[in-house]
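2 protein chains.
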Amino acid sequence: MGATKSAFFTDKQNNLANLAKALGHPARIAIMEYLVKVNACVCGDIVNELPLAQPTISQHLKELKQAGLIKGTIEGNSVCYCIDEKAIDRLQEYFKNISIRLQKNNNCC
Amino acid sequence: MGATKSAFFTDKQNNLANLAKALGHPARIAIMEYLVKVNACVCGDIVNELPLAQPTISQHLKELKQAGLIKGTIEGNSVCYCIDEKAIDRLQEYFKNISIRLQKNNNCC
DNA sequence: TTATAATATCGTAATATTGCGATATAAAGA
DNA sequence: TCTTTATATCGCAATATTACGATATTATAA
Numbered sequence: 584m585g586a587t588k589s590a591f592f593t594d595k596q597n598n599l600a601n602l603a604k605a606l607g608h609p610a611r612i613a614i615m616e617y618l619v620k621v622n623a624c625v626c627g628d629i630v631n632e633l634p635l636a637q638p639t640i641s642q643h644l645k646e647l648k649q650a651g652l653i654k655g656t657i658e659g660n661s662v663c664y665c666i667d668e669k670a671i672d673r674l675q676e677y678f679k680n681i682s683i684r685l686q687k688n689n690n691c692c
Numbered sequence: 584m585g586a587t588k589s590a591f592f593t594d595k596q597n598n599l600a601n602l603a604k605a606l607g608h609p610a611r612i613a614i615m616e617y618l619v620k621v622n623a624c625v626c627g628d629i630v631n632e633l634p635l636a637q638p639t640i641s642q643h644l645k646e647l648k649q650a651g652l653i654k655g656t657i658e659g660n661s662v663c664y665c666i667d668e669k670a671i672d673r674l675q676e677y678f679k680n681i682s683i684r685l686q687k688n689n690n691c692c
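Chains as they are written, first to last, in my numbering: chain A, 584 to 692; chain B, 584 to 692.
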């Protein structure tokens, strides 16, 4: 054993876990925050922004993309990345919902 | 190599990555959703709710607790768990902020 | 005191992630 | 064409996660 038992959970649960997992690394949080900061499609800069080697960043970008958190567009020589708002909105909604439900009836010890 | 280079990132980035990482597993999402559903402190039930062995769930609960997502209170024989609202609020705020900043000026390709 | 019950920890095997050097790929420029 | 630039992929070592049986711990019940 050792592999995650994804099959035992709902698609929604697995999907959300995948989004969260993709954000579960400081380098990927830093990439997201950089994309928010510059507020635009960014080509190339990301490698210069972080203290990690190019292949490592390429891998992190791939994971963010696979989770649906960022989009990448080929622009001639390079690739431009930007945040996919839909994913952010989905996360925001999810936590807002939990927050509301907790406030309604919070009989915690 | 192989270890995450946490030292190269800010405390905020590491902290957020830790929260996200804790939610990056369907079993832990399922635990959180169960706690929201019952809307109360829950003792014991969790093991019966999920298709995982008791030690595995105990471990997942520990990770959620260490990340600050849930609180556990010893109640005689058993332990009662509930969601820590502060963590949820922090996540909600974080994504709301990103969402707002993206909507303001989204020049994405 | 001796069960019983609820939970945690240990130990370990299977698997996944992280990081990067080396190398491939693919477009732009000389 | 040949070189440069930007990015991706391969392959591998180090480390981390996942899962669970066995066992420890701790509190209640008999």
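We put the beta carbon where it would ideally sit given N, CA and C, even for glycine. Owing to the predicted nature of the structure, the values given are computational and were not obtained by experimental measurement.
Open item on the list: Which residue wins for smallest C-alpha separation from residue 599(B), given the options 655(B), 684(B), 678(B), 687(B)?
Closed with: The shortest CA-to-CA distance from residue 599(B) to any of 655(B), 684(B), 678(B), 687(B) is the one to 678(B).
Task: chain A contact residues for residue 607(B), given Cβ-Cβ distances below 8 Å - done: Residue 607(B) reaches chain A at 600, 601, 603, 604, 605, 606, 607, counting residues in chain order whose Cβ is nearer than 8 Å.
Open item on the list: According to DSSP, is residue 552(B) part of a helix, a strand, or is it coil?
Closed with: Since the first residue of chain B shown is 584 and the last is 692, residue 552(B) is not available in this structure.
Task: According to DSSP, residues forming a beta bridge with residue 621(B) - done: In the DSSP output, where bridge partners are listed per residue, residue 621(B) has none listed.
TODO: Would you tell me roughly how many angstroms separate the C-alpha atoms of residue 610(A) and residue 651(B), rounded to the nearest one?
DONE: Between the alpha carbons of residue 610(A) and residue 651(B) lies a distance of about 21 Å.
Task: Close beta carbons around residue 666(A), own chain, < 6 Å, minus the five adjacent residues each side - done: Answer for residue 666(A): 618, 653, listed in chain order.
Open item on the list: Measuring only the C-alpha atoms, how far is residue 592(A) from residue 687(A)?
Closed with: About 27 Å.
Open item on the list: How far does the beta strand (DSSP E) with residue 661(A) in it extend, from its first residue to its last?
Closed with: According to the DSSP assignment, residue 661(A) belongs to the beta strand (DSSP E) that extends over 661 to 666.
Task: Where the stretch 607 to 631 of chain B meets chain A: residues whose CB sits under 8 Å from a CB there - done: Of all residues in the stretch 607 to 631 of chain B, only 607, 608, 609, 610, 611, 612, 613, 615, 616, 619, 622, 623, 624 come within less than 8 Å of chain A when Cβ atoms are compared, listed by chain position.
- [ ] Could you tell me which chain B residues have their CB closer than 7 Å to the CB of residue 674(A), listed as they occur along the chain?
- [x] What residue 674(A) touches in chain B: 678.
Open item on the list: Determine, for residue 660(A), whether the minimum Cβ-Cβ distance to residues of chain B falls below 7 Å.
Closed with: So no, residue 660(A) is outside the interface.
Open item on the list: Below 9 Å on C-beta distance, what does residue 649(A) contact in chain B?
Closed with: Within chain B, no residue comes near residue 649(A); the closest Cβ sits about 13 Å away, beyond 9 Å.
- [ ] Could you please give the first and the last residue of the uninterrupted alpha helix (DSSP H) stretch that includes residue 604(B)?
- [x] Run containing residue 604(B): 594 to 605, per the alpha helix (DSSP H) assignment.
- [ ] Could you name the residues of the same chain whose beta carbon sits closer than 8 Å to that of residue 613(B), not counting the 5 residues immediately before and after it, in chain order?
- [x] Counting only Cβ-Cβ distances below 8 Å, and skipping sequence neighbours, we find 632, 633.
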